[in-house]
Amino acid sequence: MKRFPSSIRALLLLAVPAVLAASAIPAVADTYPSQPVRLVVPFPPAGGTDVMARLVFNKVGMTTHWNVVVENRAGAGGNIGMDAVAKARPDGYTLGMGQTANLAINPTLYPRMPYDAVKDFTPVALVSAQPLVLIVRKDAPYKNLADLITAGKARQLSMASAGAGTVGHLTGEMFARRTGIKMLHVPYKGASPALTDLLGGQTDFYFATPPIALPMIKAGKLRALGVTSAKRLPLLADVPTVIEGGYAGFQAEDWKALVAPAGTPAEIVKRVNEEINKAIAQPDTIAKMREEGSEPRGGSPQDLAAFIKAENTRWGTLVRQSGAKVE
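Here my numbering is used: position 18 in the sequence shown is 27, and no number is missing along the way.
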């Protein structure tokens, strides 16, 4: 029997484990998940991020039978929950439902962040996005966007927001810069008090998310003057976009994105991404998203990585221009 030189035998012995390891790589995704997956939602139950997370993963579970356990860890504008994700073991068994604030605004808004929104996460999938709705009281003298802008150039208007540095606040700052209106920002501790004072006549306008705005619009207490998406919102088909009002490129959305700890295996990320894309493409999922003013997004992990970087730059600039900060 022909014998190989000892040096060749040694190389072959070294190669065998490498070949076996390489052949085992696809099996990681094939057997995933072999235990419950923790999905961290950095906001309280029943909020917009929580509702979206449960909607999508309930759909994923119907086809994959994955056991996904939602863990609500609220606080510090979403930073507490997202920090827990960033510091978790990168094995695919901890995921986080991030959004505009904690992945794009907070890195500039907070002087001391517990995580790096770009470096400490592995992007998985962009899930959904919803525009903001520019609302005024139904009895306000502003019948359309042009009326509001004309009034705002003649005198100072007050804008309510759910708090300094929120998507609504920064969208309002961008709106004031683009239109040239005189604006006084009035921050509140949440959407409910901001809405209450708008209805009471203490403020002039408010950029609100659809779930906040729609009930009062339907009740005839508020009027929508514009939406901040590239296209009209199906639920408010008669309301023009701010872009249609003559402000090209004016767009602001509250988006939701699934991320994992940095270093999570690429094959697991790919598997989860595929299931998310399948779930948000289902007609019933799309219908439920649209009921609260959202649209499905999707795409690859690489798409999301580029998106988060771009959004960090865009929102970071708006935070600095507004002077907003949270100590």
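Every residue, glycine too, gets a C-beta built ideally from N, C-alpha and C.
Taking A333 as the centre and dropping the five residues before and after it, the same chain places the C-beta of L118, A173, G174 and H178 closer than 7 Å to its C-beta, in chain order. Nearest to W324 by alpha-carbon distance, out of A200, D59 and D263, is D263. Residue nearest to N81 within the set R98, G107, I289 and W75 is G107 (criterion: CA-CA distance). Remark: fewer than three beta-carbon pairs, one from each stretch, lie closer than 8 Å, so the stretch 296-305 and the stretch 146-164 are not flagged as touching. According to the DSSP assignment, N153 belongs to no beta strand (DSSP E), since it is labelled neither H nor E. Positions of the beta strand (DSSP E) runs, each at least 3 residues long and wholly inside the stretch 66-134, are given as 77-81 and 103-108 in order along the chain. When secondary structure is reduced to three states using DSSP, I144 falls in the strand class.
Taking the CA atoms as reference points, P219 sits about 14 Å from V60. When C-alpha distances from T180 are compared across M71, V251 and D92, the shortest belongs to V251. With a 10 Å radius around the Cβ and a threshold of 16 neighbouring Cβ atoms, Q44 comes out exposed.
Assignment of beta-bridge partners to M192 by DSSP yields L166. Relative to the Cα of V133, the nearest Cα in the group Q291, R280 and Q330 belongs to R280. Ranked by Cα distance from D312, the options L207, P54 and L267 are led by L267. Following the DSSP letters along the chain, one finds F52 in no alpha helix (DSSP H), marked with neither H nor E. Taking C-beta atoms under 8 Å as the contact rule, T103 and R164 fail to qualify, at a distance of about 51 Å.
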